[in-house]
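In the UniProt record's numbering, the protein residues as written are 1 to 455. Virtual Cβ for every residue (Gly too), placed ideally from N, Cα, C. In what follows, a single structure is set out as structure tokens and then discussed.
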């Protein structure tokens, strides 16, 4: 009996030691026992993405109706109310609500990931001591993020939201380009996979599938163009919207033609209309987002009409509402892209160069001792992705979701409302043009630089 008890104590000690290594050490053993073994690099990226989604969830909750009434019931939150610890609170209740809460939560997320961006510069392999911080210590990283979020709510209002708005605009512009790069990678991989299956299995069904989705995407894009002309333009007015829609239509036609030119097909046999159709749909989506920010009620049916909401009370937050169609679609695309950043593994050299990633050689994984339900180190010789660039992408994602949840509106200290501006319109339109140029470059680069390997 004593031996059984001692054996049970040893197993308990080993279990506690294992859990301690998960929380405090560098072993990413956060998988369950029934989970398949996974790469160290993939688990770490997913864990950081989970922290990002956790912060986004908090921001969404702060925008939800009914939160304000429940918040004021908490005796330890509002400014000037003694807390349960006997300490006077100094947090303005208004800063915990609406866009002000979103700005502070997303500021904390951006600061957290930017800190790791600087910390992880030039990490070459898992033997670097900083790699242990990247792949472990999750409990402490959660505490650090929580501390930054709490501290962000103590930032004085002042000009913080106005200044941080422009940080969000710049970061969102860059993240839109990253989304486009990921779409290019996804479309190339999709097209290449189905072409290979069609040739390998000698089946025309795969070709039919490619044609179907190509025409579907072009059909969606043409429908979107027609609807944008109907709802966002009027005869004798809304000239900016007409120009934006028409220019992007012409640009999409041009890149679609370039994608099927004989010279381009010869240099890149896998390029085709499927990729062009995906880029066209995404461009029209960005155009739609830009039109929803035009600060003209006649040309923008999405522009909210708010009456009798002007308040001089600084404790009241700005009037805003994020759950409209553009913001919901943008939130869905944001979630898909951030997950794709975490799990992607591409053999496209151009995309890997842009995204600072590389394919891990299979022979490295064969040398690892793989245990079910555990993450194994696949970066002993070289990292499979750039740690610093990955965190920079999540930093940009934090700024993008901040702008998405606040409809890209700028806070107005005079009317105490969130107002739409031409800044958001031009940033989105310029991002769509930059994205089209980037896709065009991936098509013509092998022709202009024949000595480089673009396979």
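Straight-line Cα distance separating residue j from residue i
i: residue 123; j: residue 384; result: 11 Å
i: residue 87; j: residue 154; result: Legend: pLDDT at residue 87 = 36, less than 50; position of this residue unreliable, value from coordinates given subsequently. Approximately 15 Å between the Cα atoms of the pair.
i: residue 387; j: residue 181; result: 18 Å
i: residue 447; j: residue 440; result: 12 Å
i: residue 163; j: residue 169; result: 10 Å
i: residue 287; j: residue 245; result: 7 Å
i: residue 194; j: residue 64; result: 43 Å
i: residue 189; j: residue 333; result: 18 Å
i: residue 223; j: residue 141; result: 46 Å
i: residue 236; j: residue 242; result: 11 Å
i: residue 228; j: residue 249; result: 12 Å
i: residue 47; j: residue 338; result: 12 Å
i: residue 214; j: residue 272; result: 10 Å
i: residue 175; j: residue 165; result: 15 Å
i: residue 161; j: residue 198; result: 53 Å
i: residue 178; j: residue 203; result: 35 Å
i: residue 98; j: residue 60; result: 9 Å
i: residue 205; j: residue 192; result: 15 Å
i: residue 324; j: residue 212; result: 30 Å
i: residue 285; j: residue 382; result: 38 Å
i: residue 132; j: residue 138; result: 11 Å
i: residue 329; j: residue 172; result: 15 Å
i: residue 39; j: residue 209; result: 32 Å
Boundaries of the alpha helix (DSSP H) in which residue i is found, first to last residue
i: residue 386; result: Run containing residue 386: none; DSSP gives neither H nor E here.
i: residue 167; result: 160 to 201
i: residue 256; result: 239 to 259
i: residue 231; result: 205 to 232
i: residue 338; result: 325 to 343
Burial state of residue i (16 or more Cβ within 10 Å)
i: residue 428; result: buried
i: residue 136; result: buried
i: residue 398; result: buried
i: residue 407; result: buried
i: residue 435; result: buried
i: residue 234; result: exposed
i: residue 238; result: buried
i: residue 106; result: buried
i: residue 260; result: exposed
i: residue 343; result: exposed
i: residue 42; result: buried
i: residue 121; result: exposed
i: residue 151; result: exposed
i: residue 201; result: exposed
i: residue 297; result: exposed
C-beta contact flag for residue i and residue j at 8 Å
i: residue 207; j: residue 301; result: no
i: residue 336; j: residue 113; result: no
i: residue 442; j: residue 184; result: yes
i: residue 119; j: residue 52; result: no
i: residue 49; j: residue 391; result: no
i: residue 217; j: residue 159; result: no
i: residue 274; j: residue 187; result: yes
i: residue 295; j: residue 421; result: yes
i: residue 444; j: residue 264; result: yes
i: residue 252; j: residue 280; result: yes
i: residue 111; j: residue 62; result: no
i: residue 419; j: residue 409; result: yes
i: residue 401; j: residue 56; result: yes
Which of helix, strand or coil DSSP assigns to residue i
i: residue 418; result: strand
i: residue 411; result: strand
i: residue 39; result: strand
i: residue 297; result: coil
i: residue 439; result: helix
i: residue 265; result: helix
i: residue 120; result: coil
i: residue 468; result: Only positions 1 to 455 of the chain appear in the structure, and residue 468 is not among them; the question remains open.
i: residue 282; result: helix
i: residue 52; result: helix
i: residue 423; result: helix
i: residue 275; result: helix
i: residue 155; result: coil
i: residue 44; result: helix
i: residue 147; result: helix
i: residue 404; result: helix
i: residue 98; result: helix
i: residue 450; result: coil
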